[in-house]
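Notes for the one structure printed next.
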Ligand code: IDP
Ligand code: MG
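Residue numbers (the working numbering): 2 to 149.
The following block contains the structure:
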């Protein structure tokens, strides 16, 4: 059981001005600590690589186009059992099935545009954090640099 996960506030979440509220929910309500954070726009090839595990899915091209359509906020998070805890916190993939009060329930606008990403395993969390962050961009509780 690992203590790190990676989230992204997806382009619609940023565009709809939900960045601040989502970060507040994650930190204040969810108790996750921000280890690293940045706003960026993924190129199409970067989104393709990030979602490579879904390359055989019918929604892959549409998802890649959406995720590279505008700025996202990538955030590395720390909490005990972070991957599972965060997926429970954001709710089901489809906002219509996400539990009341979860981020996807509150801010998701469709199955694709479900406001936030959450890693699905410790292995993928590490891969995804390293995808966005270098070792000079991740911080421990004392504000010192650390490596995962
Ligand atoms: P997850 O984000 O809850 O882990 P995944 O199955 O890993 O869900 O799918 C990755 C992302 O792809 C979802 O968050 C959503 O944005 C999009 N997605 C998943 N299934 C569909 C679909 O059937 N149609 C369109 N987009 C989808
Ligand atoms: Mg997933």
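Positions of the beta carbon are idealized from the N, C-alpha and C atoms, including for glycine.
Next on the checklist: Can you tell me whether residue 117 is helix, strand or coil according to DSSP?
Outcome noted: strand
Item to check | Backbone CA spacing between residue 46 and residue 98 [nearest angstrom] | outcome: 31 Å
Item to check | Inter-stretch contact (C-beta, 8 Å, three-pair minimum) for the segment 104-113 and the segment 74-89 | outcome: no
Checklist entry - From residue 130 to residue 29, what distance separates their C-alpha atoms? => result 22 Å
Checklist entry - On the premise that residue 65 lies in contact with residue 77, defined as a C-beta separation below 8 Å, what is that separation, rounded to the nearest angstrom? => result That belief does not hold up - the Cβ atoms of residue 77 and residue 65 are roughly 22 Å apart, past 8 Å.
Checklist entry - Mind checking whether the beta-carbon of residue 121 lies closer than 7 Å to any heavy atom of the ligand MG? => result yes
Checklist entry - Taking C-alpha atoms, which residue in 136, 120, 141 and 145 lies nearest to residue 7? => result 120
Next on the checklist: What ranges does the alpha helix (DSSP H) occupy inside the segment 63-112, keeping only unbroken runs of at least 4 residues that lie completely in it?
Outcome noted: 83-91 and 104-108
Next on the checklist: In whole angstroms, give me the CA-to-CA distance for residue 42 and residue 71.
Outcome noted: Going from the Cα of residue 42 to the Cα of residue 71 covers about 6 Å.
Item to check | Cβ neighbours of residue 127 in the same chain (closer than 8 Å, five flanking residues each side left out) | outcome: 3, 5 and 149
Item to check | First through last residue of the alpha helix (DSSP H) which encompasses residue 25 | outcome: 20-25
Checklist entry - If you follow the beta strand (DSSP E) that residue 34 is part of, which residue opens it and which one closes it? => result 34-41
Next on the checklist: Using CA atoms only, rank isn't needed, just tell me which of 37, 11 and 81 is closest to residue 136.
Outcome noted: It is 37.
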